[in-house]
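Novice: The following block contains the structure, expressed as structure tokens.
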Amino acid sequence: TISKGFRNARLKLQGKAEMSEESIDEALRDVRVSLLEGDVEFGVVKNFLGRVKDKALGKVVDVEAKDKEGKKLKLSAGDRFVQICYQELEALMGPVDTSLNISKPVTRIMMVGLQGSGKTTTAGKLAKYLMAQKHRPMLVAADVYRPAAIDQLQVLGAQLAIPVYTESGLMPPDLCERAIQKAKERQCDVVIYDTAGRLTIDDALMHELEEIERRARPDNTFLVCDAMIGQDAVRTAAEFAKRLALHGFILTKLDGDARGGAALSIKEVTGKPIKFLGMGETLDRLEEFRPAGLASRILG
Amino acid sequence: FGAKRELDKSLLDDLEQILITSDIGVKTAQHLLELVSNKIDKKEVDQPDKVRAALQAEIERILDLENRPLEVAESKPLVLMVVGVNGGGKTTTIGKLAQRFRDQGRRVVLGAGDTFRAAAADQLEVWAQRSGADLVRGKEGQDPSSVLFEAVKRAQSSGADVVIADTAGRLHTKVNLMEELKKVYRVLGKAALGAPHEVLLVLDATTGQNAIAQAAQFNAAIPLTGIVLTKLDGTAKGGVIVGICQEFKIPVRFIGIGEKLDDLRQFDAREFGSALFD
Ligand SMILES: Nc1nc2c(ncn2[C@@H]2O[C@H](COP(=O)(O)OP(=O)(O)OP(=O)(O)O)[C@@H](O)[C@H]2O)c(=O)[nH]1
Ligand SMILES: Nc1nc2c(ncn2[C@@H]2O[C@H](COP(=O)(O)OP(=O)(O)OP(=O)(O)O)[C@@H](O)[C@H]2O)c(=O)[nH]1
Ligand SMILES: [Mg+2]
Ligand SMILES: [Mg+2]
């Protein structure tokens, strides 16, 4: 659904031959509303608009379009402005890097994030994704707090017919370290640590993640983030990025109608790539990140 | 715009930033600032504290909807249905609500109406044990309506005071899942007169503007009687609730402030309003 904000900007600008600074500012106000309604963070919006304005005022002809015969078209200033918005947003969301760090003999992947963001389900999805690439993953039940969290992971493991390592009485740092040896024993070449949801202001639990990192040295630590998160995305992502070596993030529940502005905010603030997108509740609903779709969704 | 033109632009910008970063939403923020700047006295226009206080008062007024406590009706059992999108905190909130009723000496039955997600019934079972509630669960993949019908029947036959129906998380954009919810609502009505007496939408306080669509769609499917705003113990302010209360007039009944059994509070508009400006 196209939000009013960006549609207003487009309508006002359609075919406009010239764009004065005043009309650019007016269009930027519409874009601002659209991005804020799309849950992009306040400061990130400000920076984005500044960059768009610079490009719009600039004399650099870097925006091109072609007609049906592939001949270059001259864009009106209005159309050019719209193009700049899309291109700038896509550029900010990229470059695309959906690679996973693989190490021998056992690749370690750690899922972290706020409560309910989709870590456990995504752990299962990643396992399935890796199996399609001929890996042999093992799931590790490192959430020892949430009622039936271990059961939940075991159900997913059973659906995929892969081992789930759990050991009662062990705290997550010990468990995650021991899991590596268990994986070797079971001929698995990847371990995926499902950790408990936590608040960034919970110092004890944030320290637990630092401990897991110290003991198990994950090759890939992914921040799993709900696409419907609002302005808090920046606070949360910044804190996780500050305390851990984040390799990338995964945006979940994009099968809804949340605009997903958090993706831009998190990318801006952490500089880390968006790796995957969660597009549903079943284990096959994981996609590698592509900027175009998400950019136009955020812009509205 | 009268008084507004006299309000310092930087003061307005600062206030707008506070409102937007608390997830109040850009349009709601702009309306609030317009309203307040029209209301305040010409003499007070250059006093930031006065403007802020007027804003806070207006927000509290919007949120201060009638919030009756959950009460066991004349006709037992009170039937409570809990709904919302995935991961918002429904199952955990039900555990907390069960404990609240147990503290009042009530007998509670929990209905494991999430028959889809891995280990959902097991999770609710732990909460039933912790709160001393009875649990009715079905088979995996069983029609949620039949499990919840059974839960109400168990409550009736055992003389329980309250039934709390857990439902699977669902995105409001999924038509078939929203139809399933409507069916649960109808079936509960067949199981007991006037049921469900309360339908609570669980909203995660970290959610941005999408919460408005969630409230709109869930309310359109089944009439909501209240909202529970969870995860307010985090850094998110939950400001999106202001626009929701203004538009739909659905009262926030409780807030979730943690993951333990007693981490539930009755909603207080004044406390919420002041926390927004902290
Ligand atoms: N529609 C949809 N639902 C999802 C997606 N990913 C996860 N979910 C659902 O979101 C809810 C929470 O998922 P979990 O995997 O339990 O989340 P979590 O981060 O492990 O939660 P905690 O361990 O409590 O922090 C469940 O109902 C999942 O089925 C997705 O991409 N789309
Ligand atoms: N910090 C905090 N966490 C909460 C709160 N309420 C729930 N949670 C956590 O949020 C996560 C999801 O809670 P659930 O009760 O499983 O959520 P749900 O809505 O039933 O999820 P689905 O059934 O999968 O849709 C769990 O890790 C809970 O412990 C709260 O008020 N504060
Ligand atoms: Mg989990
Ligand atoms: Mg649940």
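Listed in order, the protein sequences are those of chains D and E.
Residue numbering for the first sequence follows the numbering used here, beginning at 1 and increasing consecutively.
Residue numbering for the second sequence follows the numbering used here, beginning at 1001 and increasing consecutively.
We put the CB at the ideal spot given by N, CA and C, even for glycine.
1) Would the stretch 1029-1036 of chain E count as touching the stretch 1207-1225 of chain E if we require 3 or more Cβ pairs under 8 Å?
2) Check each residue of the stretch 21-51 of chain D: if its Cβ is closer than 7 Å to any Cβ of chain E, include it; give the result in chain order.
3) Which first and last residues belong to the beta strand (DSSP E) in which residue 1254 (chain E) is found?
4) Quick one: which chain D residues come within Cβ less than 8 Å of residue 1249 (chain E)?
5) Whose beta carbon lies closer than 5 Å to any heavy atom of ligand 4, going through the chain in order?
6) Closer than 7 Å by C-beta to residue 1142 (chain E): which residues in its own chain qualify, once you throw out the five before and the five after it? Chain order, please.
7) Establish whether the CB of residue 1086 (chain E) and some CB of chain D are separated by less than 9 Å.
8) Would you tell me roughly how many angstroms separate the C-alpha atoms of residue 34 (chain D) and residue 262 (chain D), rounded to the nearest one?
9) Quick one: which unbroken alpha helix (DSSP H) runs of 4-plus residues sit fully inside the stretch 1027-1082 of chain E? Chain order, please.
10) Can you list, in chain order, the residues of its chain with a C-beta nearer than 7 Å to that of residue 1260 (chain E)? Leave out the 5 residues immediately preceding and following it.
11) Grab me the residues of residue 105 (chain D)'s own chain with a C-beta within less than 7 Å of its C-beta, minus the 5 sequence neighbours each way, in chain order.
12) Alpha helix (DSSP H) containing residue 206 (chain D): first to last residue?
13) Among E:1069, E:1190, E:1048, which has the Cα closest to the Cα of residue 1150 (chain E)?
14) Taking the runs of the alpha helix (DSSP H) that are 4 residues or longer, which of them lie wholly in the stretch 130-162 of chain D?
15) Listed in chain order, which residues are found with a beta carbon closer than 7 Å to a heavy atom of ligand 3?
16) Once you ignore the five residues that flank residue 1081 (chain E) on each side, which residues in its own chain have a CB closer than 6 Å to its CB?
17) Looking only at its own chain, which residues have a Cβ that is under 7 Å from the Cβ of residue 267 (chain D), when we skip the five neighbours before and after it?
18) Say whether chain D places a C-beta atom closer than 9 Å to the C-beta of residue 1082 (chain E).
19) Tell me which residue opens and which closes the beta strand (DSSP E) that residue 275 (chain D) is part of.
20) For a contact defined as C-beta to C-beta under 7 Å, what are the partners of residue 273 (chain D) on chain E?
21) Since residue 235 (chain D) meets chain E, which of its residues come closer than 7 Å, beta carbon to beta carbon?
22) Can you have a look at residue 1061 (chain E) and say buried or exposed, based on whether 16 or more other CB atoms are within 10 angstroms of its CB?
23) Is DSSP giving residue 109 (chain D) helix, strand or coil here?
24) Using the beta-carbon count (16 or more within 10 Å), is residue 186 (chain D) buried or exposed?
25) Between residue 230 (chain D) and residue 1262 (chain E), is the Cβ-Cβ spacing less than 9 Å?
26) Note down, in chain order, every chain E residue with its Cβ under 9 Å from the Cβ of residue 200 (chain D).
27) Nearest by alpha-carbon distance to residue 116 (chain D): which of D:132, D:194, D:246 is it?
28) What does residue 228 (chain D) reach in chain E if we use C-beta pairs closer than 7 Å?
29) Counting only Cβ-Cβ distances shorter than 8 Å, please list the residues of the stretch 245-279 of chain D near chain E, keeping chain order.
30) What does DSSP give as the partner residue(s) for residue 1166 (chain E) in the beta ladder?
31) Return the Cβ separation of residue 41 (chain D) and residue 265 (chain D) in integer angstroms, given the expectation that the two are a contact with Cβ distance under 8 Å.
32) Can you find a CB in chain D that lies within less than 9 Å of the CB of residue 1001 (chain E)?
33) Given the structure, does residue 1087 (chain E) come close to ligand 2, in the sense that its CB is under 8 Å from one of the ligand's heavy atoms?
34) From the beta carbon of residue 1004 (chain E), is the nearest beta carbon of chain D less than 9 Å away?
35) Considering only their Cβ atoms, is the gap separating residue 28 (chain D) from residue 49 (chain D) smaller than 9 Å?
36) On the three-state DSSP scale, how would you describe residue 1 (chain D)?
Specialist: Reading off the structure:
1) no
2) 33, 36, 37, 39, 42
3) 1252-1256
4) Those within 8 Å of residue 1249 (chain E) in chain D number zero; the least Cβ separation is about 22 Å.
5) E:1090, E:1091
6) 1115
7) yes
8) 14 Å
9) 1048-1063
10) none
11) 184, 189
12) 203-216
13) E:1190
14) 149-160
15) D:119, D:120, D:143, D:146, D:149, D:152, D:194, D:196, D:197
16) 1165, 1196, 1199
17) 92, 93, 274
18) no
19) 274-278
20) Simply none; closest approach about 22 Å.
21) 1235
22) exposed
23) strand
24) exposed
25) no
26) 1234, 1235
27) D:194
28) 1207, 1208, 1210
29) 253, 255, 256, 257, 258, 259, 261, 262
30) E:1082, E:1112
31) 4 Å
32) Any reading at residue 1001 (chain E) is ruled out, since the residue's pLDDT is 45, under 50, leaving its predicted position unreliable.
33) yes
34) Unreliable placement is indicated for residue 1004 (chain E), whose pLDDT of 47 sits below 50; no coordinate value is reported for it.
35) yes
36) At residue 1 (chain D) the pLDDT is 36, less than 50, meaning the model places this residue with poor confidence and gives no usable figure here.
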